[in-house]
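Residue numbers (our numbering), protein chains in the order written: chain A, 315 to 563; chain B, 150 to 678; chain C, 6 to 320. Beta carbons: idealized from backbone N, C-alpha and C, even for Gly. Keep in mind it's a predicted model, so treat the numbers as computed, not measured.
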């Protein structure tokens with residue numbers, strides 16, 4: 315091997331080492347921001363999903379719905395099941411509206427309703443309204459290895475974090491959120507989310523296609539499968555208004 | 150005129166055309182449901198005749214189809230239909246047996262058929278024209294500000310159905326926190342009453358087949374005194390007449406419908422505001438009350454061997470040995486204006502219940518009820534003073550003074566397990582502060598969910614605190630599979646079937662009277678697609 | 006904001022112009038079915054006539070005179086002008102009517118009247134069916150109608166035994182013409198609906214309340230036997246005598262006519278007050294109520310019998 319080639323290889327190794335050293339130097343907050351960017355860091359995003367609820371006895375039932383999101387606003391529409399035609403609009407913290415097709419009425423959803431499960435799944439309404447990690451949690455690096463950081467997250471008082479504490483497993487390099495667990499006040503784990511099946515949804519848009527939620531108290535599971543994922547479609551703010559809900563009725 | 154309207158319509162749609170959808174599959178959305186409903190009457194004292202009951206009341210199947218077309222992002226057309234098969238044979242004669250429609254009767258209903266256009270002519274304006282159903286008000290079910298559509302009470306288990314009507318709706322969204330709405334309804338449509346409503350005008354018979362009671366007209370104390378003496382020697386017939394001596398034909402009730410003039414069209418406007426945790430709205434309605442109010446009554450009496458008045462009608466069941474009586478009543482739909490307000494409060498604290506309130510100030514038309522009687526063609530003097538004959542009794546059945554109807558409610562839920570909704574209601578749907586007045590109600594609904602909401606047990610009840618009658622409605626719903634529901638339940642009414650004072654209209658029991666409906670057990674199945 | 010103000014303005018305007026609505030059902034009926042109160046009404050001719058058909062000396066004190074405005078109410082008779090009055094207050098009724106066809110209807114002669122009343126009473130605890138048949142003979146002449154009470158037959162069905170209850174009408178009652186019975190007022194081709202009252206042992210047929218054993222005011226010792234009221238002999242089940250006052254109100258409904266006869270349906274109400282008895286066990290008054298499961302009737306027919314004895318001999 316020529317000396318010049320060896321020297322170039324050494325330079326690359328040194329550069330890589332320097333890069334690794336730079337990554338290790340990132341703070342938990344920075345990691346959290348970058349992770350959140352892979353999940354929510356778009357001007358807007360659209361997902362078409364199927365949610366499969368898996369009972370303890372193995373029986374399943376599925377619902378199809380779509381989510382349109384921009385910042386902290388979300389519009390969820392059910393397209394199958396007994397809730398077909400229903401829509402939820404999250405305008406912001408504490409401002410949630412539901413369209414009930416049977417009554418042809420838009421109804422404000424109270425805070426106590428938010429604790430209910432989303433369509434009988436292991437997602438709660440609060441989970442569905444959760445749109446920002448750094449906006450709701452502070453983080454510390456609990457542990458790490460070559461592939462992952464594990465961030466211990468604590469809810470910011472006064473914000474709308476769904477649970478008091480969480481642990482997020484962030485993949486190094488891609489900052490994809492591969493798994494996270496929510497904990498109650500006593501530190502007991504409540505729910506775990508496992509994201510898998512990283513897929514290119516077109517134009518290099520990477521997203522974990524499958525999310526498996528497990529209720530750690532009951533063993534009950536819910537699987538979310540993303541069929542379609544689009545971002546930055548220049549969705550206007552008017553899509554997240556009661557006018558939009560009324561239009562759909 | 151028709152062509153011009155079509156062209157105008159087409160022009161509006163062209164203006165509104167935004168980006169057109171690529172293909173039909175994207176434009177059309179079809180949804181609907183199949184429902185089956187079987188009900189069994191669990192009493193034998195609330196029917197037209199004593200002992201009638203313990204039989205199937207309903208055996209119907211519904212197919213609901215809703216077609217929605219979105220040819221562009223700014224235009225939407227909706228057609229919502231219902232095909233109902235009643236499930237009971239109606240063929241009573243041999244020739245009818247060759248008709249499938251008689252053996253298996255059905256009805257077709259167009260629930261909604263409208264076109265909506267968004268952002269035309271102003272970007273913050275939406276227009277909707279066609280047959281539709283409006284739902285105003287924030288509280289659940291008992292909405293005194295919701296007056297545009299008449300109620301459909303053909304199904305006593307369903308308080309939320311409405312009679313659709315053709316309307317023009319304009320919605321304006323000037324800001325995020327303000328929505329303005331105006332609706333014009335050209336023609337009037339009355340509420341659809343339950344099948345048991347005819348029992349409100351039915352006669353009661355004793356074991357001997359003699360008339361034992363008749364529906365009391367809305368008379369004041371003086372009028373009731375005249376009514377009470379009608380068949381006594383002090384009365385206008387001048388003799389004691391045992392009710393067994395009377396042959397009553399079935400009372401006839403006619404409706405006085407408003408004419409289809411523009412002055413009888415309805416209009417309403419509403420402003421909805423959002424202010425933090427509070428949503429509130431102000432509304433105004435001009436139109437008519439959708440439930441019938443008693444207006445006139447005529448008793449046409451023919452003595453044995455005598456003649457009918459000819460002014461009213463001839464009885465078809467004349468008994469030559471008895472006094473034959475035909476009672477013809479009229480009901481009308483009084484005008485009203487409604488000024489409404491409602492609000493809903495949602496706290497951020499999940500332990501704080503949601504709070505809703507809605508009130509309507511109703512400015513009603515004054516209604517006076519009139520009653521006359523004829524004997525053998527001659528109008529009777531119902532008074533006591535021969536020098537001043539009184540050929541017609543008149544009693545107030547709606548003073549014309551403004552009155553309030555209101556609902557206040559709280560609801561709260563705990564996780565997926567428990568939900569409770571409590572309401573105080575002043576003034577039921579069909580109460581118009583006439584001689585029956587406005588009653589106070591307490592409404593409660595609790596729901597328990599099990600097995601990830603697959604199994605729901607709901608208990609609803611309504612207590613009339615004015616006459617202490619009540620209704621209970623327990624229901625079990627099982628979501629067998631997504632979009633498939635099975636429900637079992639029971640509805641029971643408590644209260645006297647006869648009024649406390651047989652001559653006093655105001656003493657009939659809200660839930661006890663037979664007109665409210667039968668006690669039923671039901672089973673329903675529904676598939677949504 | 007401008008829009009809001011405009012809305013408020015519209016509401017206020019609407020409130021101002023739209024009040025004053027009034028639907029008057031009474032007025033609607035008056036307009037739909039006008040009545041000229043200058044004309045007599047059926048009530049005037051249908052008013053119960055409580056007039057005795059006896060001559061003056063037998064007439065109860067407070068008999069009401071028959072109506073002066075004598076529209077008959079039948080389809081084909083303008084009840085002829087002047088002399089179509091039926092049942093004048095003093096003659097007990099005129100025997101002749103002028104009818105629209107010009108042919109007089111003459112009620113001269115003898116007429117038998119039967120009032121057949123089906124009732125129930127409970128002397129022994131459980132209700133028993135009974136039939137009371139009152140027989141009258143009525144003679145008419147130029148002076149009017151003359152009533153004579155012939156007899157009353159009482160038939161009580163005591164579970165197939167018809168002989169348990171036997172009473173005897175005193176002769177004094179039969180003969181005493183002042184029974185208080187009012188005229189049966191005929192018209193040209195029928196006996197129109199009317200109320201008649203028949204009293205036993207009462208001065209005033211309308212006295213209210215009836216005299217009692219403790220308060221005898223109003224009673225009339227009609228049979229003049231020294232006992233109050235009318236003395237009714239009871240032969241079975243307990244022998245003895247009862248002193249009583251009684252008022253029977255008959256509502257006669259329209260009649261159908263045959264040859265020299267009329268028949269119709271009646272309702273009756275018996276008010277009775279015990280004024281004493283020969284034994285304590287006979288003092289109790291057992292009310293008799295009409296049995297609506299059977300049809301009570303009246304019958305008026307021409308008879309050849311000249312007196313009660315000959316009439317009853319054929320019964």
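The DSSP-derived three-state label of residue 519 of chain B is strand. Cβ proximity to chain B below 8 Å picks out nothing from the region 498–517 of chain A. Here residue 434 of chain A is buried: its Cβ has 16 or more other Cβ atoms, across all protein chains shown, within 10 Å.
Put simply, of A:539, A:561 and A:455 the residue whose alpha carbon is nearest the alpha carbon of residue 526 of chain A is A:539. Of all residues in the region 554–576 of chain B, none places a beta-carbon less than 7 Å from a beta-carbon of chain C.
Against chain B, a Cβ distance below 8 Å from residue 408 of chain A picks out 426, 495 and 497.
If you draw a straight line from the Cα of residue 239 of chain B to the Cα of residue 433 of chain B, it is about 45 Å long.
The residue from B:617, B:418, B:446 and B:625 with its alpha-carbon nearest to that of residue 597 of chain B is B:625. Look at residue 547 of chain A: its C-beta is not under 8 Å from any C-beta on chain B. Judged by DSSP secondary structure, residue 641 of chain B falls within the beta strand (DSSP E) whose first and last residues are 633–643.
From the beta-carbon of residue 280 of chain B, no residue of chain A is found nearer than 9 Å; the closest lies around 13 Å away. Contact annotation: in the region 522–554 of chain A, residues whose CB is within less than 8 Å of a CB in chain B are 534.
By DSSP's assignment, residue 235 of chain C forms a beta bridge with C:249.
Taking 8 Å as the threshold, the shortest C-beta distance from residue 452 of chain B to chain C falls below it. CA-CA distance, residue 202 of chain C to residue 374 of chain B, rounds to 26 Å. Boundaries of the alpha helix (DSSP H) harbouring residue 175 of chain B: 173–176, taken from the DSSP string. Setting aside the 5 residues that flank it on each side, residue 173 of chain C is surrounded in the same chain by 238 and 240, each with a C-beta closer than 7 Å to its C-beta; the list follows chain order.
Assignment of residue 347 of chain B by DSSP, reduced to helix, strand and coil, places it in the helix class. The beta carbons of residue 282 of chain C and residue 246 of chain C sit about 6 Å from each other, so the pair counts as a contact at 8 Å. Residue 425 of chain A belongs to the set of residues whose beta carbon lies under 8 Å from a beta carbon in chain B. Listed along chain B, the residues sitting closer than 9 Å to residue 270 of chain C by beta-carbon distance are 394, 453, 470 and 471. Ranked by Cα distance from residue 510 of chain B, the options B:532, B:487, B:529 and B:520 are led by B:487.
Boundaries of the alpha helix (DSSP H) harbouring residue 427 of chain A: 425–428, taken from the DSSP string. Counting other Cβ atoms within 10 Å of its Cβ, residue 123 of chain C reaches 16 or more and is therefore classed as buried. Around the CB of residue 427 of chain B, fewer than 16 other CB atoms lie within 10 Å, so the residue is classed as exposed.
With a minimum length of 3 residues, the unbroken runs of beta strand (DSSP E) contained wholly in the region 184–263 of chain B fall at 205–221 and 224–234.
628, 630, 631, 632, 633 and 634: these are the residues of the region 626–653 of chain B whose beta carbon lies less than 9 Å from some beta carbon of chain A, given in chain order. Within the region 258–277 of chain B, not one residue has a Cβ closer than 9 Å to any Cβ of chain C. The contact set of residue 481 of chain B on chain C, defined by CB atoms closer than 9 Å, consists of 28 and 30 in chain order.
In chain order, 468 and 497 place their CB closer than 6 Å to the CB of residue 479 of chain A, counting only its own chain and leaving out the 5 sequence neighbours on each side. Comparing C-alpha distances from residue 471 of chain A to each of A:499, A:455 and A:505 shows the shortest one belongs to A:499. Contact between residue 384 of chain A and residue 357 of chain A holds, since their C-beta atoms are separated by about 7 Å, short of 8 Å.
Distance from the CA of residue 442 of chain B to the CA of residue 481 of chain B, rounded to the nearest whole angstrom, comes to 5 Å. Exclusion of the five residues before and after residue 530 of chain B leaves 385, 538, 539 and 540 as the residues of its chain whose Cβ lies within less than 7 Å of its Cβ. In the structure shown, residue 377 of chain B falls within a helical segment according to DSSP collapsed to helix, strand and coil. For the 8 Å CB-CB criterion, residue 678 of chain B and residue 632 of chain B form a contact.
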